[in-house]
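S.K.: The structure under discussion is supplied below as structure tokens; questions concerning it will follow.
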Amino acid sequence: MTRDGAEMEYVEAHGARVPAVGLGTWQLTGTECYETVSTALDLGYRHVDTAQLYDNEREVGRAITDSAVDRDDVFLTTKVSPRNAGRNALIDSTGESLDRLGTEYVDLLLLHWPNPLVSVESTMAAVDHLVEQGMVSHAGVSNFPRVLLDRARDAADTPILTNQVQFHPYKPQRGMLSHCQGEGPFLTAYSPLARGTVLDDDTVQRLAGEYDRTPAQIVLRWATQHRDVAVIPKTTDPEHLRQNLALFDFKLTGPEVEELTKPSLLKSGRAMLDGMLGELR
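First residue of the sequence shown: 1, per the UniProt record's numbering; consecutive thereafter.
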């Protein structure tokens, strides 16, 4: 439940119960990152996502430590850089991540991108070791195509909890979502607002007016109404943080969900390019 008393929905898989709305922290660093995570926790966020590549694990960890929220009540995810995909590097770099985060474990560890120079089997063997040591509670992947997702599932003793991918109305990932729903992992949606480009969509604007909601709330509700999908939108604005949690007291109709779904390679590619600005996510 959020500070405003709104009920939270959850996605569940392999014994984990994960808040369906979390906080993404890509491009948040320094004081801005610390203050944003602190505000989010105060508002009721209990799902926070970071990564080695974000260079903000220290600030994320300090915000969690300094908050009034118990560490065990926060579902904390970090992601291993693909350059650390090898067994020894993955184990060592995860230990360094835990030191920066100021915690003895992360709830979820993902490989951020596949590394074509390192076998998935080697990577997952290292993750299994970290789970056995109690440093990682759950394992997953990010930006994995279906063939590599299946290889990771086959290679790991630890169940694959999620595949974190770009997911929004212009990139609805129908094949990946259907596969995950059938095989057990849930899908974690990064860039669920398509770097903001979807907010000006005519259908989004119309439904926002009809439901008396913000465009972002319409798009995030579109995502969370898909079975087994969690979203991790990023914002630094306290009011937007609050609004992004306030999704579960209304529901779009089936036809409205379909109307919002507008697969577009051009728009999804442009959104990714505009957001990345040449920087590896």
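Even glycine gets a Cβ: it sits at the ideal position worked out from N, Cα and C.
Just to confirm, are Leu111 and Val141 a CB contact at a threshold of 7 Å?
M.R.: yes
S.K.: For Val118 and Gly86, what's the separation of their Cα atoms in angstroms?
M.R.: Each residue's alpha carbon lies about 6 Å from the other.
S.K.: Between Arg40 and the rest of its own chain, which residues show a CB-CB distance below 8 Å, the 5 nearest in sequence each way excluded?
M.R.: It should be pointed out that residue 40 corresponds to Ala in this sequence rather than to Arg. Answer for Ala40: Leu23, Val48, Leu241, listed in chain order.
S.K.: Pick helix, strand or coil for Thr111, following the three-state DSSP scheme.
M.R.: Sequence check: residue 111 is Leu here, not Thr. Looking at Leu111 - three-state DSSP - the assignment turns out to be strand.
S.K.: Would you mind reading off the limits of the alpha helix (DSSP H) that contains Gln205?
M.R.: Taken as a continuous stretch (DSSP letters only), the alpha helix (DSSP H) holding Gln205 covers 202 to 211.
S.K.: Can the beta-carbon of Ser191 be found less than 7 Å from the beta-carbon of Gln166?
M.R.: yes
S.K.: Cutting at 8 Å between CB atoms, please list the residues of its own chain near Gly278, excluding the five before and the five after it.
M.R.: Since pLDDT at Gly278 reaches only 43, below the 50 mark, its modelled position is unreliable, and the value read off the structure follows with that caveat. Once the five neighbours on either side are set aside, Gly278 has no close Cβ partner at all.
S.K.: Closest to Ala194 by C-alpha separation, out of Glu183, Pro116, Ala216, would be which residue?
M.R.: Ala216
S.K.: Would you kindly work out how many angstroms separate the C-alpha atoms of Ser97 and Phe250, rounded to a whole number?
M.R.: Rounded to the nearest angstrom, the two C-alpha atoms are 38 Å apart.
S.K.: For Glu279, which three-state DSSP category applies?
M.R.: Note on Glu279: pLDDT 45, under 50, position unreliable in the model; the coordinate value appears next. Coil, per DSSP.
S.K.: Measure the CB-CB distance between Pro114 and Leu149 and report whether it falls below 7 Å.
M.R.: no
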